[in-house]
Amino acid sequence: MGADIESGRALPLVFEAPRKGKPPKHWADLEPADRKEAVVAAGLPGYRAAQLSKHWFERLSHDPDEWTDLPADLRAAVAEQFFPLLLNTVSEKTTDNGDTIKTLWKLHDGALVESVLMQYPGRTTMCVSSQAGCGMACPFCATGQGGLQRNMSTAEIVAQVADGMRRMRADGAGRVGNVVFMGMGEPLANYKAVVGAVRSMITPNPDGLGMSARGITVSTVGLVPAMHKLAEEQLPVTLALSLHAPDDELRDELVPINNRWKVDEAVDAAWEYARKTRRRVSIEYILIKDMNDQAFRADLLADVLLRRGDWGWVHVNLIPLNPTPGSKWDASRPEVQREFVRRLEARGVPVTVRDTRGQEIDGACGQLAATGTQG
Ligand code: SAH
164 MGADIESGRA LPLVFEAPRK GKPPKHWADL EPADRKEAVV AAGLPGYRAA
214 QLSKHWFERL SHDPDEWTDL PADLRAAVAE QFFPLLLNTV SEKTTDNGDT
264 IKTLWKLHDG ALVESVLMQY PGRTTMCVSS QAGCGMACPF CATGQGGLQR
314 NMSTAEIVAQ VADGMRRMRA DGAGRVGNVV FMGMGEPLAN YKAVVGAVRS
364 MITPNPDGLG MSARGITVST VGLVPAMHKL AEEQLPVTLA LSLHAPDDEL
414 RDELVPINNR WKVDEAVDAA WEYARKTRRR VSIEYILIKD MNDQAFRADL
464 LADVLLRRGD WGWVHVNLIP LNPTPGSKWD ASRPEVQREF VRRLEARGVP
514 VTVRDTRGQE IDGACGQLAA TGTQG
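Numbers in the working numbering are just positions in the sequence shown, counted from 1, shifted up by 163.
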């Protein structure tokens, strides 16, 4: 019966035609509950929805020719209708003995974004972009220098993760257990698409990618209202706050959004997130030579955090500054970094120092510029 209605037909358009600037709508943009309706509207039997989800999310097969439970003459029409190609590979760079791979993607409208796949012993992390460019203008960050081009769609974000997962599976190299929103963009400035993407990642197979929310980290400059909203979503993702300075005077310069929401408001929102979700918050702190790495700032940082309680709500992640082109700033000296760590530890603040994976391919934190001309 199915084959009868299906075979050889051009499908009626279910998704509106893509508009300028807007990425084409994709299967992964639909709520699982709406997918059946969409295939029925296209004149297909409802059971096709489960088959398609199984291919895309569970088997990570994005080549319609492999969808052999679909009549051959239907595959192209289904792919065109529901699975437009969102990410076109422009280039790929590898470092750390092949364990770090940075991919430059061109989106449908020519916008460029990057993602980075990082394999560690026993764990693999995918660093994804949520916007083409970024409007937050942090002076030490390469992405921040070019401004915001546009928000990415839910499916454009999910597709980056699906690609990393497919690649790992093809290599028999284990699975992607962690996703960090630390690529290009400010995830909480693209709230709806980001939360949609997170839901899609944690929805079990076949309707989603089947990841654990605990493996997902959303990193923000401190968009306070959105942090409060995220705490209400019942998504046990980890929140990272890019603090970088414990005092407003310096943070106003390093993280310009601080002129809108101050250190105290941002840290309060982070604390509130930890209290509500019972997830330990991560405070990101780049160490920049002679800017924010003084011993008194380590003490002040401990004060700012411990003032809100010492019940293990927070963890400090120090990031050695990655050099970006044209920047006047350097990473802190090793002994200065050690002293910063020591002072936090002495106060009982849990602290780790981030590795600088991907530095040689401009794939480390804050180095993503996606100019497409860097080789
Ligand atoms: N907009 C979000 C997420 C993207 S950046 C945010 O700011 O949190 C991810 C992390 O990389 C942030 O903590 C950011 O401050 C840091 N980062 C940016 N530029 C960097 C650089 N040049 N060296 C080291 N870390 C950097």
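Glycine included, C-beta positions come from ideal geometry on N, C-alpha and C. Remember, predicted model here, so these are calculated numbers, not experimental data.
is_contact[residue i, chain B] using C-beta, thresh 8 Å
i: Tyr354; result: In the structure shown, chain B does not exist; there is a single protein chain.
Pairwise C-alpha distance: residue j and residue i
i: Phe178; j: Phe246; result: 11 Å
i: Gln537; j: Ile524; result: With a pLDDT of 42 at Gln537, under the threshold of 50, the modelled position of this residue cannot be trusted; read the value that follows with caution. About 9 Å.
i: Pro419; j: Met299; result: 7 Å
i: Leu481; j: Arg517; result: 6 Å
i: Phe220; j: Ala494; result: 41 Å
i: Ala166; j: Asp232; result: Confidence at Ala166 is low in this model, with a pLDDT of 42, below 50, so its placement is unreliable and the value that follows should be read with caution. If I take the Cα positions, the gap works out to 11 Å.
i: Pro513; j: Phe303; result: 25 Å
i: Cys528; j: Glu229; result: 36 Å
i: Val444; j: Gly307; result: 24 Å
i: Arg377; j: Val361; result: 11 Å
i: Leu450; j: Gly335; result: 37 Å
i: Pro187; j: Trp424; result: 34 Å
i: Asn353; j: Glu502; result: 37 Å
i: Ala533; j: Leu351; result: 21 Å
i: Glu200; j: Gly209; result: 7 Å
i: Ala429; j: Ser405; result: 9 Å
i: Met454; j: Asn368; result: 47 Å
i: Leu248; j: His189; result: 9 Å
i: Asn251; j: Ser490; result: 30 Å
i: Lys269; j: Gly327; result: 16 Å
i: Ala173; j: Leu311; result: 38 Å
i: Met164; j: Ala433; result: Any reading at Met164 needs caution, since the residue's pLDDT is 39, under 50, leaving its predicted position unreliable; the model's value is listed next. Rounded to whole angstroms, Met164 to Ala433 spans 55 Å at the Cα level.
i: His218; j: Ser224; result: 5 Å
i: Met315; j: Val477; result: 30 Å
i: Val479; j: Arg471; result: 14 Å
i: Gly526; j: Glu255; result: 11 Å
i: Ala239; j: Val202; result: 14 Å
Residue range of the alpha helix (DSSP H) that includes residue i
i: Gly315; result: It should be pointed out that residue 315 corresponds to Met in this sequence rather than to Gly. Note, Met315: premise wrong, no alpha helix (DSSP H); not H, not E.
i: Gln500; result: Pro497 to Ala509
i: Arg286; result: Here Arg286 belongs to no alpha helix (DSSP H); instead the beta strand (DSSP E) covers Arg286 to Cys290.
i: Glu412; result: Asp411 to Leu417
Beta-carbon spacing of residue i, residue j below 8 Å
i: Val381; j: Phe344; result: yes
i: Val426; j: Asp410; result: yes
i: Ala325; j: Leu372; result: yes
i: Gln244; j: Ala205; result: yes
i: Ala318; j: Asp462; result: no
i: Thr519; j: Asn485; result: yes
i: Met347; j: Leu207; result: no
i: Ser278; j: Ser292; result: yes
i: Val241; j: Leu275; result: no
i: Ala465; j: Leu507; result: yes
i: Gly285; j: Gly296; result: no
i: Leu393; j: Leu402; result: yes
i: Met374; j: Val342; result: yes
i: Thr287; j: Met331; result: yes
i: Asp415; j: Pro195; result: no
i: Met281; j: Thr258; result: no
i: Met390; j: Ile379; result: no
Residue i CB to nearest heavy atom of ligand 1 below 7 Å
i: Val361; result: no
i: Gln530; result: yes
i: Glu200; result: no
i: His478; result: no
i: Ala539; result: This structure gives no information on residue 539, because the portion of the chain shown stretches from 164 to 538.
i: Ala384; result: Contrary to the premise, residue 384 reads as Val rather than Ala in this sequence. Checking every heavy atom of ligand 1 against the Cβ of Val384, one is found closer than 7 Å.
i: Glu277; result: no
i: Val428; result: One detail in the question is off: residue 428 reads as Glu in this sequence, not Val. Not so, every heavy atom of ligand 1 lies at least 7 Å from the Cβ.
i: His391; result: no
i: Leu484; result: yes
i: Met289; result: no
i: Ala408; result: no
i: Glu349; result: yes
i: Ala403; result: yes
i: Met345; result: yes
i: Glu120; result: An answer regarding residue 120 cannot be provided, because it is not within the stretch 164 to 538 covered by the chain.
i: Ile449; result: yes
i: Phe503; result: no
Residue interval of the beta strand (DSSP E) (run including residue i)
i: Val381; result: Ile379 to Thr383
i: Glu396; result: First-last for Glu396: undefined, no H or E at that position.
i: Glu277; result: Leu275 to Tyr283
i: Gly529; result: Run containing Gly529: none; DSSP gives neither H nor E here.
i: Thr515; result: Val514 to Val516
i: Gln294; result: Gln294 to Gly296
Length at least 3, wholly inside the segment 220-269: the beta strand (DSSP E) runs in chain order: 251-258 and 263-269
Ranges of the alpha helix (DSSP H) found wholly within the segment 432-476, counting only runs of at least 4: 458-469
Complete alpha helix (DSSP H) runs within the segment 342-369 (minimum length 4 residues, chain order): 354-365
Ordered list of alpha helix (DSSP H) runs contained in the segment 196-222, each at least 4 residues: 210-216
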